[in-house]
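Participant: Can you read through this structure? Questions will come right after.
Quick look at the structure:
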């Protein structure tokens, strides 16, 4: 990517793109398979569920894929203005929002009858999903670009000090005050998106598809105007947010934390040869991102869908997609902040780090199988064949993605 005066950021290799393209193709195939043959009303419900889930996804994930930005020093050397920085900020999210847009289009347009008299309605359905999603994404981008100043005030000011003391006295729970604005943002963005989906559905019930589409236009304009309002000061806001999260994500749990670090002997499911490899990566990952919380939220979302009386094929597809999304956490193990290349090379060979990554993913298998068996017992929406297939696909894709990440990251020892 060219910045200014010849300053560039390294272009992505085919392996980088493959890590995005393969999950995208899998997700697209699954959603087309689910939507294929369903009528417009069923696909509209599916898109509402998608928008509901994506609102929560971007409410949590955006700061983790935004900051710290590895190109920030190059931006400073190139003296990038606010508008260009805002554009680079959005481009950094492209692997995520582009996949979401493609899934929404595929869900809206998938029809076993091909182009029919309902084609216009399908286009309007796709337009509704795209506009609503763009609006909630831009609103989330606006709030997180504007978060550096608030986080610094909470971290260093009296508000954070009072909150720390109050929680220590009442709940006996240590908290980093600088993270409170992120928590507030997560709640606000989720509520705006989810309540927006509900409001649009109510308008559809009273006035028809045109009213819901008009509401999505309003959602898009809301997010667009909010984000554009920051462009003038985007350079200052960007560097504030980047500096705060660079410090926040770079600091390990301090002595005030009541959370015990992961112990090697807790990894009972990992063979002894690879325990140390997996333990080192998991310890660093947990300091960067509490993956267990996101997995728990994912299970809750799947159970909400099951409670809505979804059919067998829909629930099987949801479980398959959820299983594949587990592997996204492995991307953290291919970053310098989590696993520096010199550290990996010093301790072991790349093949053993690849196997260690695979065993990391096995930790989520038991909770997923237990959750599926409980769902089978309570709702009967999935079968043993579905469960076994999800089990096999999870293991195979975990091994494949572990191999791709290791090949992409650890083969370039000299870089």
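Residue numbers (our numbering): 889 to 1303.
Cβ atoms here follow ideal geometry from the backbone N, Cα and C, with glycine treated the same way.
For clarity, every value in this text was computed on a predicted model and none was experimentally measured.
Looking only at C-alpha atoms, which of 1133, 1024, 1078, 969 sits nearest to residue 1105?
Facilitator: That would be 1024, whose Cα lies nearest to the Cα of residue 1105.
Participant: In three-state DSSP terms, what is residue 1221?
Facilitator: Residue state, collapsed to three classes: helix.
Participant: Under 8 Å, do residue 1304 and residue 996 count as touching if we go by C-beta distance?
Facilitator: Missing from the structure shown is residue 1304; the chain here goes from 889 to 1303 and no further.
Participant: Just to confirm the assignment, what range does the alpha helix (DSSP H) spanning residue 1033 have?
Facilitator: Residue 1033 -> alpha helix (DSSP H) spans 1007 to 1033.
Participant: Output needed for residue 1035: all residues of its chain with C-beta closer than 8 Å, excluding positions within five of it in sequence on either side, in chain order.
Facilitator: Answer for residue 1035: 951, 1069, 1070, 1073, 1129, 1132, listed in chain order.
Participant: I'd like the ranges of any alpha helix (DSSP H) spanning at least 4 consecutive residues and lying wholly in the region 1067 to 1119.
Facilitator: Those alpha helix (DSSP H) runs which fall completely within the region 1067 to 1119 and span 4+ residues are 1068 to 1095, 1097 to 1116.
Participant: Would you tell me roughly how many angstroms separate the C-alpha atoms of residue 1012 and residue 994, rounded to the nearest one?
Facilitator: Each residue's Cα considered, the two are about 13 Å apart.
Participant: Between the Cα of residue 1175 and the Cα atoms of 1190, 941, 1150, 1080, which residue gives the shortest distance?
Facilitator: Considering only alpha carbons, the answer is 1150.
Participant: Give the secondary structure of residue 1159 by DSSP, where H, G and I count as helix, E and B as strand, and everything else as coil.
Facilitator: Here residue 1159 sits in coil by DSSP.
Participant: Compute the Euclidean distance between the alpha carbons of residue 927 and residue 1007, then round it to the nearest angstrom.
Facilitator: Going from the Cα of residue 927 to the Cα of residue 1007 covers about 12 Å.
Participant: Cutting at 8 Å between CB atoms, please list the residues of its own chain near residue 1183, excluding the five before and the five after it.
Facilitator: Once the five neighbours on either side are set aside, the close Cβ partners of residue 1183 are 1214, 1252, 1255.
Participant: My output table needs one value for residue 1146: the three-state DSSP class, helix, strand or coil.
Facilitator: With a pLDDT of 43 at residue 1146, under the threshold of 50, the predicted position of this residue should be treated as unreliable, and no value is reported.
Participant: Please state if the CB of residue 1030 and the CB of residue 1114 are separated by a distance shorter than 8 Å.
Facilitator: Going by C-beta atoms, residue 1114 is nearer than 8 Å to residue 1030.
Participant: Can you say whether residue 1060 is buried or exposed, counting buried as having 16 or more other CB atoms within 10 angstroms of its CB?
Facilitator: In this predicted model, residue 1060 has a pLDDT of only 46, less than 50, meaning its place in the structure is not dependable; the value taken from the coordinates is given anyway. The residue is exposed, with fewer than 16 neighbouring Cβ atoms inside 10 Å.
Participant: Relative to the C-alpha of residue 1222, which residue among 1269, 1263, 1294 is closest?
Facilitator: For the residues 1269, 1263, 1294, the minimum Cα distance to residue 1222 belongs to 1294.
Participant: Within 10 angstroms of the Cβ of residue 1273, are there 16 or more other Cβ atoms? Answer buried if so, exposed if not.
Facilitator: Classification for residue 1273: exposed.
Participant: To the nearest angstrom, how far is it from the Cα of residue 1284 to the Cα of residue 1191?
Facilitator: Roughly 24 Å separates the two Cα atoms.
Participant: Here's a check: name, in chain order, each residue in its chain whose Cβ is nearer than 6 Å to the Cβ of residue 1092, leaving out the five neighbours to either side.
Facilitator: Cβ neighbours of residue 1092 beyond the five flanking positions: 1100.
Participant: Below 8 Å CB to CB, which residues in the same chain sit around residue 1026 once its five sequence neighbours on both sides are set aside?
Facilitator: Around residue 1026: 1108, 1111, 1112, 1114, 1115.
Participant: Return the residue from the list 1118, 917, 946 that minimises the CA-CA distance to residue 969.
Facilitator: Measuring from the Cα of residue 969, the nearest candidate turns out to be 1118.
Participant: Whose C-beta lies closer than 6 Å to the C-beta of residue 1211 among residues of the same chain, with five residues either side of it excluded?
Facilitator: So the qualifying residues of the chain are 1278, 1282.
Participant: Kindly indicate which three-state DSSP category residue 1271 falls into: helix, strand or coil?
Facilitator: Three-state DSSP puts residue 1271 in coil, outside helix and strand.
Participant: Between the Cα of residue 1242 and those of 1266, 1171, 1297, spot the shortest distance and give me the residue it belongs to.
Facilitator: Measuring from the Cα of residue 1242, the nearest candidate turns out to be 1297.
Participant: Whose C-alpha, out of 1232, 1127, 1280, is nearest the C-alpha of residue 1040?
Facilitator: Here the closest residue by C-alpha is 1127.
Participant: Helix, strand or coil for residue 958, going by three-state DSSP, please let me know.
Facilitator: Coil.
Participant: For residue 998, which residues of its own chain have a beta-carbon under 6 Å away from its beta-carbon, when the five flanking residues on both sides are left out?
Facilitator: 920, 923, 924, listed in sequence order.
Participant: In three-state DSSP terms, what is residue 1240?
Facilitator: Residue state, collapsed to three classes: helix.
Participant: Judging by CA-CA distance, which residue of 1219, 1163, 1134, 1172 is the nearest neighbour of residue 961?
Facilitator: Ranking the options by Cα distance to residue 961, first place goes to 1134.
Participant: Output the distance between the C-alpha atoms of residue 1145 and residue 1235, rounded to the nearest integer angstrom.
Facilitator: For residue 1145, the predicted structure reports a pLDDT of 41, less than 50, and the residue's modelled location is therefore unreliable. The matter cannot be settled from this model.
Participant: Count the other CB atoms within 10 Å of the CB of residue 1195; is the residue buried (16 or more) or exposed (fewer)?
Facilitator: Exposed, because fewer than 16 other Cβ atoms sit within 10 Å of the Cβ of residue 1195.
Participant: Grouping DSSP H, G and I as helix and E and B as strand, with all else coil, what is residue 1151?
Facilitator: If DSSP states are grouped into helix, strand and coil, residue 1151 belongs with coil.
Participant: Look at the alpha carbon of residue 1290 and the alpha carbon of residue 967, and state the distance between them as a whole number of angstroms.
Facilitator: If you take the alpha carbons of residue 1290 and residue 967, they lie about 38 Å apart.
Participant: The alpha helix (DSSP H) that contains residue 1199, what's its start and end?
Facilitator: Element bounds for residue 1199: n/a, residue is neither H nor E.
Participant: Which residue wins for smallest C-alpha separation from residue 956, given the options 980, 934, 1078, 948?
Facilitator: When only C-alpha atoms are compared, the closest one is 980.
Participant: Using the C-alpha atoms, what's the distance from residue 946 back to residue 1076?
Facilitator: Those two C-alpha atoms are separated by around 11 Å.
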